[in-house]
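Trainee: Structure below; questions to follow.
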Amino acid sequence: MTRQLTHLRALEAESVHVIREVGAEFERPVLLFSGGKDSIVMLRLAEKAFAPARIPFPVMHVDTGHNFPEVIEFRDRRVAELGVQLVVASVQASIDAGRVAEERGPRASRNRLQTTTLLDAIAEHGFDAVFGGARRDEEKSRAKERFYSLRDEFGQWEPKSQRPELWNLFNGRHVKGEHMRVFPLSNWTELDVWQYIGDEGIEVPFIYFAHRREVFRRDGMVMATGPYLPLIDGEEPFEAEVRYRTVGDMTCTAAIESPAATVDEIILELAASRITERGATRADDRFSEAAMEDRKREGYF
Amino acid sequence: MAHTGVGSMELLRFATAGSVDDGKSTLIGRLLYDSKQIFEDQLEAVERTSRARGDEQTNLALLTDGLRAEREQGITIDVAYRYFATPKREFIIADTPGHVQYTRNMVTGASTADLALILVDARKGIVEQSRRHAFITSLLRIPHLVLCVNKMDLVGYDRDAFAAIKDEFREFATRLEVTDLTFIPISALHGDNVVDRSANMAWYEGASLLHHLEEVHIASDRNLIDVRFPVQYVIRPRNDSHHDFRGYAGSVAGGVLKPGDVVVVLPSGFTTTIAGIDAFEGPLEEAFPPMAVTVRLADDLDVGRGDMICRPHNRPTVSQDLDAMVCWLTAQATLAPGAKLAIKHTTRSARVLVRDLQYRLDVNTLHRDEAATALELNEIGRVTLRATQPLFFDEYRRNRATGSFILVDEATNATVAAGMILGEPQ
Chain A
1424 MTRQLTHLRA
1434 LEAESVHVIR
1444 EVGAEFERPV
1454 LLFSGGKDSI
1464 VMLRLAEKAF
1474 APARIPFPVM
1484 HVDTGHNFPE
1494 VIEFRDRRVA
1504 ELGVQLVVAS
1514 VQASIDAGRV
1524 AEERGPRASR
1534 NRLQTTTLLD
1544 AIAEHGFDAV
1554 FGGARRDEEK
1564 SRAKERFYSL
1574 RDEFGQWEPK
1584 SQRPELWNLF
1594 NGRHVKGEHM
1604 RVFPLSNWTE
1614 LDVWQYIGDE
1624 GIEVPFIYFA
1634 HRREVFRRDG
1644 MVMATGPYLP
1654 LIDGEEPFEA
1664 EVRYRTVGDM
1674 TCTAAIESPA
1684 ATVDEIILEL
1694 AASRITERGA
1704 TRADDRFSEA
1714 AMEDRKREGY
1724 F
Chain B
375 MAHTGVGSME
385 LLRFATAGSV
395 DDGKSTLIGR
405 LLYDSKQIFE
415 DQLEAVERTS
425 RARGDEQTNL
435 ALLTDGLRAE
445 REQGITIDVA
455 YRYFATPKRE
465 FIIADTPGHV
475 QYTRNMVTGA
485 STADLALILV
495 DARKGIVEQS
505 RRHAFITSLL
515 RIPHLVLCVN
525 KMDLVGYDRD
535 AFAAIKDEFR
545 EFATRLEVTD
555 LTFIPISALH
565 GDNVVDRSAN
575 MAWYEGASLL
585 HHLEEVHIAS
595 DRNLIDVRFP
605 VQYVIRPRND
615 SHHDFRGYAG
625 SVAGGVLKPG
635 DVVVVLPSGF
645 TTTIAGIDAF
655 EGPLEEAFPP
665 MAVTVRLADD
675 LDVGRGDMIC
685 RPHNRPTVSQ
695 DLDAMVCWLT
705 AQATLAPGAK
715 LAIKHTTRSA
725 RVLVRDLQYR
735 LDVNTLHRDE
745 AATALELNEI
755 GRVTLRATQP
765 LFFDEYRRNR
775 ATGSFILVDE
785 ATNATVAAGM
795 ILGEPQ
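Each protein sequence line maps, in turn, to chains A and B. The numbers in the first sequence follow the numbering used here, run straight up by one, and end at 1724. The numbers in the second sequence follow the numbering used here, run straight up by one, and end at 800.
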């Protein structure tokens, strides 16, 4: 017997180790849950880490108010099944309280506003560790992210002074007011996530699978029509068979035209794909070459 | 499709090292490209940036330079992680930059690596940095070392040029503890011996680099003999269905655990048996590194985080005193006798006093400077430490998980040293 784990089981073990370490060393961890596939996998890993006990920390959804309704329904059901506490941090509430101002114009998005809502919620609840589902394969500035990423009182990320991370020994020390972002899926790729979902038989919202929907084209991307996204001159809605590769705010998450209707078909499609998931579907990363890095420095997910 | 990466594969982690301009970025770019891990939008972005900067060719290094400061200054600041897969294995590359803070970065990238890949330029041969990289590979006990002699096209694919570099490096490596050493002549630019065997070097009888990465035997690199289970987290559900459940969660650091095994819990020294090993899916027949599991014990003992489960006749060293090689990772302070620092070793945290700096090691010449009084950033030395409480450790060479530690500055909370345990002081 070789006693060798498959890549998925090795990645799973690494993630569970990180989650347990945070559970042991931090006082008030929280798991960010968007209803997207990465946070769904995160939730499963947290479930595994502490079974048969319940997950010993709440989950938090930063809600832009521009959600896919089917994702919110999914979120509420999953949280109820696991018996975990759900914290909803609302961007609308931040706007109403005058903490942030709504962007204007047809391309307005609440994506960037989420950072303030997130940081306010972290401070309000006193969270000292915040689990995110980010992966290093997503984007260039993420490739240098640590499992444990220290944020100062302003939630800022300082890439030049990251702590070196050695073996599986994580340094969670921080002072009051600072918090740690923790990324247990750091070493997973998009393909790993789908393979794991397939292997484990994990349910994901149906918008990840091919369905017919009214869409329009903007900047080469296919976006769903809806109340939050006014059409600009020349944009024509049409119906198409689409699916989502990422699930975020409706105003900045694009669909792809795809017939993939099962996890296996998605895996095959991904394996043949020549465009990264963020490049294909995230309008928010297109502002500039350093768009993600800038948002991360400000305290984004 | 040749490289879909779909299916069940093993995971291989490797660290790349090389000096400036030895073609490391080109090699990584080629591995990623040939395994379809570089996507059209990434390539387009790089081509756009290359044009804007006035580069003559598409600069593949831009694919790996992630941060704005790096792009602006044309340098690499930090360890970057890259991913690719073939039908046989999934690979995690820890790409360590060659110039700034070199030792710190390579130690970080090497700490979890199964294999180190060192590049040398066929025209220049072994340089000081090659020796340093090899030494760190040996110090961190990376089980497999591959020396890629790159730019073979620029020496006319000459067999003798390759042989000379190989001989020189082999001679140097005898002074190190390198167990598995492989030499591959390549041209990253033209792809010779990277994915497929090169027709330009018919004299080379070994495998291509990718083939070697796919086939190198890593299953026996772990310690499957000495049972070591550091308790990470105590699981007590306190609900109706699991009223009396008490499980010890953790990652297996060595050996193979089975239900029914007689074990001893440190530091208490109580002996009991393993009642069961649980995964989320159900009970397991055995657990081995690096599995993350939950162990139940037959007796109700007082066991907590930082305790160690092992076998009665195969225990780690239990001591407050230890000798170790340490690599100092910060420019903000130096390591000198008398310093007090926090230590994290397995799941155990304590404080240590640096009692002695025995010598500083010159990583280029391996000379031991016994007159040294402190270690500065990127320096490596042998120290004697005394901990505030007993630690349960093995020699690093015997077990990387129970032989490694980090030191943390309690004033700044920075991680300031990586340590590899040699044993109890003589």
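Note that the Cβ used here is the ideal one computed from N, Cα and C, for glycine as well.
#1: Between which two residues does the alpha helix (DSSP H) carrying residue 510(B) extend?
#2: May I have the straight-line CA-CA distance separating residue 1480(A) from residue 718(B), to the nearest angstrom?
#3: Only counting the same chain, and skipping five residues up and downstream in sequence, which positions put a Cβ closer than 6 Å to that of residue 619(B)?
#4: Let me know if residue 1507(A) comes out buried or exposed under the rule of 16 or more other beta-carbons within 10 Å of its beta-carbon.
#5: Mark residue 391(B) as exposed unless 16 or more other C-beta atoms lie within 10 angstroms of its C-beta, in which case mark it buried.
#6: Measure the beta-carbon distance from residue 588(B) to residue 786(B) and round it to whole angstroms, keeping in mind my assumption that it falls under 8 Å.
#7: Any beta-carbon of chain A closer than 8 Å to the one on residue 517(B)?
#8: Would you tell me roughly how many angstroms separate the C-alpha atoms of residue 565(B) and residue 585(B), rounded to the nearest one?
#9: To the nearest angstrom, how far is it from the Cα of residue 583(B) to the Cα of residue 570(B)?
#10: Tell me whether residue 1527(A) is buried or exposed, calling it buried when 16 or more other Cβ atoms sit within 10 Å of its Cβ.
#11: For residue 1539(A), I'd like the list of residues in its chain whose CB is within less than 6 Å of its CB, leaving aside the five on either flank, ordered along the chain.
#12: Assuming the contact rule is C-beta atoms closer than 8 Å, residue 1451(A) and residue 1548(A) should be a hit. Round their C-beta distance to whole Å, please.
#13: In chain order, what residues of the segment 1425-1441 of chain A put their CB closer than 9 Å to some CB of chain B?
#14: Anything in chain B within Cβ reach of residue 1446(A), meaning under 7 Å, just list it in chain order.
#15: At a Cβ threshold of 8 Å, is residue 482(B) touching chain A?
#16: Going residue by residue through the segment 1501-1565 of chain A, where are the continuous beta strand (DSSP E) segments of at least 3 residues, counting only ones entirely within it?
#17: Would you kindly work out how many angstroms separate the C-alpha atoms of residue 1458(A) and residue 791(B), rounded to a whole number?
#18: What do you reckon, are the CB atoms on residue 748(B) and residue 708(B) nearer than 8 Å?
#19: Buried or exposed for residue 1443(A), going by 16 or more other Cβ atoms inside 10 Å?
#20: Quick check: is the beta carbon of residue 724(B) nearer than 8 Å to any beta carbon in chain E?
#21: By alpha-carbon positions, which one of 1467(A), 1543(A) and 1489(A) ends up nearest to residue 1725(A)?
#22: So for residue 1488(A), helix, strand or coil by DSSP?
#23: Do you know offhand how far residue 385(B)'s Cα is from residue 555(B)'s?
#24: Considering residue 635(B), what are the terminal residues of the alpha helix (DSSP H) in which it resides?
#25: What does residue 1474(A) reach in chain B if we use C-beta pairs closer than 7 Å?
#26: Hey, would you say residue 684(B) sits closer than 8 Å to residue 637(B), going by beta carbons?
#27: Within the 8 Å Cβ cut-off, does residue 787(B) reach chain A?
#28: On a CA-only basis, which of 630(B), 401(B) and 775(B) is nearest residue 802(B)? Give me that one, please.
#29: For residue 477(B) versus residue 510(B), is the C-beta spacing smaller than 8 Å?
#30: My guess is that residue 1520(A) and residue 1541(A) are in contact by the Cβ rule of under 8 Å, so how many angstroms apart are they, rounded?
#31: Going by C-alpha distance, which of 1609(A), 1656(A), 1555(A) and 1677(A) is nearest residue 1490(A)?
#32: Tell me whether residue 1725(A) sits in a helix, a strand or coil according to DSSP, three-state version.
#33: Buried or exposed for residue 422(B), going by 16 or more other Cβ atoms inside 10 Å?
#34: Can you tell me the Cβ-Cβ gap for residue 692(B) and residue 793(B), rounded? I've got them flagged as a contact below 8 Å.
#35: With DSSP run on the structure shown, which of helix, strand or coil describes residue 384(B)?
#36: Following the continuous alpha helix (DSSP H) through residue 1614(A), name the residue where it begins and the one where it ends.
Mentor: Result, derived from the coordinates:
#1: 502-513
#2: 24 Å
#3: Contacts found: 611.
#4: With 16 or more other Cβ atoms inside 10 Å of its own Cβ, residue 1507(A) counts as buried.
#5: buried
#6: Not really, about 43 Å apart at Cβ, beyond 8 Å.
#7: no
#8: Residue 585(B) has its alpha-carbon roughly 13 Å from the corresponding atom of residue 565(B).
#9: 8 Å
#10: exposed
#11: Excluding positions up to five away in sequence, the list reads 1517, 1522 and 1523.
#12: Contact between residue 1451(A) and residue 1548(A) holds: CB atoms are separated by about 7 Å, below the 8 Å threshold.
#13: 1425, 1426, 1427, 1428, 1429, 1430, 1431, 1432, 1433, 1434, 1435, 1436, 1437, 1438, 1439 and 1440
#14: In chain order: 607.
#15: yes
#16: 1509-1513 and 1552-1554
#17: 39 Å
#18: yes
#19: Residue 1443(A) should be labelled buried.
#20: The chain inventory of the structure shown lacks chain E, comprising the protein chains A and B.
#21: Because residue 1725(A) is not part of the residues shown, which for chain A are 1424 to 1724, the question remains open.
#22: In the structure shown, residue 1488(A) sits in coil (DSSP, three-state: anything other than H, G, I, E or B).
#23: 20 Å
#24: Per DSSP, residue 635(B) belongs to no alpha helix (DSSP H) and is neither H nor E.
#25: Contact annotation for residue 1474(A) against chain B: 654 [CB-CB distance below 7 Å, chain order].
#26: yes
#27: yes
#28: Absent from the model: residue 802(B). The displayed extent of chain B is 375 to 800, so no value can be given.
#29: yes
#30: Wrong, their Cβ atoms sit about 14 Å apart, outside the cutoff.
#31: Answer by Cα proximity: 1677(A).
#32: Because chain A spans 1424 through 1724 in this model, residue 1725(A) falls outside it and cannot be assessed.
#33: exposed
#34: Contact flag wrong, Cβ pair sits at about 18 Å.
#35: strand
#36: 1613-1623
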